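With positions in the sequence shown counted from 1, the corresponding number in my numbering is that position plus 10. We put the CB at the ideal spot given by N, CA and C, even for glycine. Keep in mind the model is a prediction, meaning the values are calculated, not measured.
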Amino acid sequence: YNKYLESIEVFNSFVSNGGNVLGACLYIAKAILGAPMIAFIGADFCFSYDKKFHSYDTKYDKTLGQVLKLRDVFGMPVVTWRSYHNFKGWFEYVSLTVPGIYFNATEGGTLGAYNDGNIRSIIQIKLADFIRMINVYGEIKEQMMNSKTKEKKLLF
């Protein structure tokens, strides 16, 4: 497999992953693509309030096993597995040590959350607000590009 891949493209870079796919995506975005801003989406690192693993019934919901009791970004009690908590710690470490602006657009979960409050290196934000923030120019672009636009929008 590796020999076949090398015949197509030689890729000599190491991708650090922090133990999961989201970590590899973060590494590629920061280290390879040079993204100055990162938005985490779906990075809850805990179970839902009703202790579900997924939004639908799975085998994981039957027996959670040994869990950690934590607070989420809203200060509400949640449970998680130690492995999820370790992932959370890795992402928080990156946010504290690798320059950039980090947003948690998960709208919940434990990323950045501690009993005494949320850490400052990860900004908690609604996904819709993050999208609007990075696309704010698009809200008035039509009127800027076309002087005949009848509707005049104000950004704020």
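- The continuous beta strand (DSSP E) containing Ala49 extends over residues 47-50.
- Nearest C-alpha to Ser131 among Phe140, Leu121, Asn125: Leu121.
- With respect to Phe55, Lys98 sits close: the two C-beta atoms are nearer than 8 Å.
- Membership of Leu78 in the beta strand (DSSP E) is indicated by the continuous run 78-81.
- In the displayed model, Val31 falls within a helix according to three-state DSSP.
- The C-alpha of Met86 is placed about 51 Å away from the C-alpha of Lys158.
- Taking Tyr37 as the centre and dropping the five residues before and after it, the same chain places the C-beta of Val25, Ser26, Asn27, Gly28 closer than 8 Å to its C-beta, in chain order.
- In this structure, Phe84 places its C-beta atom within 8 Å of the C-beta atom of Gly118.
- Rounded to the nearest angstrom, the Cβ distance from Thr116 to Ile51 is 6 Å, consistent with a contact under 8 Å.
- Beta-bridge pairing by DSSP links Gln134 to Asn114.
- The alpha-carbon of Ile42 is positioned some 9 Å away from that of Ser23.
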